[in-house]
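Numbering (my numbering), first residue to last: 2 to 250.
For each residue, glycine too, the CB sits at the ideal point set by N, CA and C.
Heads up: the structure comes next, in structure tokens.
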Amino acid sequence: RHTLVESRQQKSWVPAIAPSHPGPDAQPSSAISAIDHAVINVPAGELTQAIAWYTSQLGFCPQQQFTIDTSRSGLRSQVLAHPQGSAQLPINEPATANSQVQEFLDYNRGSGIQHVALHTCDIVHTVEQLRTRGVKFLAVPQSYYEALEQRPGYSTEGDLTTAGWHHQAATIARLQILVDWEPHMPQARLLQTFTQPFLTVPTVFFELIQRQSVWANGRLSKAQGFGERNFQALFEAIEREQIKRGSLA
2 RHTLVESRQQ
12 KSWVPAIAPS
22 HPGPDAQPSS
32 AISAIDHAVI
42 NVPAGELTQA
52 IAWYTSQLGF
62 CPQQQFTIDT
72 SRSGLRSQVL
82 AHPQGSAQLP
92 INEPATANSQ
102 VQEFLDYNRG
112 SGIQHVALHT
122 CDIVHTVEQL
132 RTRGVKFLAV
142 PQSYYEALEQ
152 RPGYSTEGDL
162 TTAGWHHQAA
172 TIARLQILVD
182 WEPHMPQARL
192 LQTFTQPFLT
202 VPTVFFELIQ
212 RQSVWANGRL
222 SKAQGFGERN
232 FQALFEAIER
242 EQIKRGSLA
């Protein structure tokens, strides 16, 4: 079921809900500014049907396609975006019976939102704040950052960074934030990290995402889409959690 909402300049994200005012003991803001996208999981064989419904009924347009896999499991994904506005909906289906998407579907008893991505203009500050509050994030191995340093564009300085990239990179590795960029615009980095599922079962979780911007060809350009390398790294991180749970051999 879907709900259509007309905001009419609501000050609150949720209609008819007044924003609360933090007391003197409130912790600092985590700088979350908006919902960037939401990811939906559907059963095997239903991805095409889901795409057809969103395109014909709600006017979404297909964008990137991904096939993400390892030697153990896999998934297929289609990103949909609405031409009027910023709404984006990646939809996943399992490519193998033991896929993390299938595990989600089993625990969720059907299709549902796998995770919601929250946009922040300062992912380092946000992650540091959330970690102090006890939020647990998916672990990223050091080998990921060692491989990252070998990619073309890694050392490129961004026009809008307040500190040098190498200083930022050390902090990003410490906080286990994923990084991706397009070869033609390496200064506009896509920074992402993912929480552990916040329920007692491996279903819904949150993503934090920062889309860095850079001046290019006389205009401000922002990192777009979804980094395939980050998607692969997320898939492998969730696989490691599956192995810990004993749901993937």
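- The beta carbon of Q103 is closer than 6 Å to those of P95 in its chain, skipping five residues each way along the sequence.
- With 16 or more other Cβ atoms inside 10 Å of its own Cβ, R190 counts as buried.
- Collapsing the DSSP output to three states places F61 in coil.
- When secondary structure is reduced to three states using DSSP, T133 falls in the helix class.
- By the criterion of a C-beta distance shorter than 7 Å, F227 is surrounded in its chain by Q65, V80, P91, once the five residues flanking it on both sides are discounted.
- About 7 Å separates the Cβ atoms of L192 and Q213, confirming a contact at the 8 Å cut-off.
- Per the DSSP secondary-structure output, E183 pairs in a beta bridge with M186.
- For I244, no beta strand (DSSP E) encloses it; the enclosing alpha helix (DSSP H) starts and ends at 229-246.
- The Cβ atoms of L76 and S100 lie closer than 7 Å to each other.
- DSSP lists N42, S78 as the beta-bridge partner residues of N93.
- If you draw a straight line from the Cα of S87 to the Cα of F232, it comes to about 20 Å.
- When C-beta atoms of the stretch 121-130 are compared with those of the stretch 193-213, three or more pairs fall below 8 Å, so the two segments count as touching.
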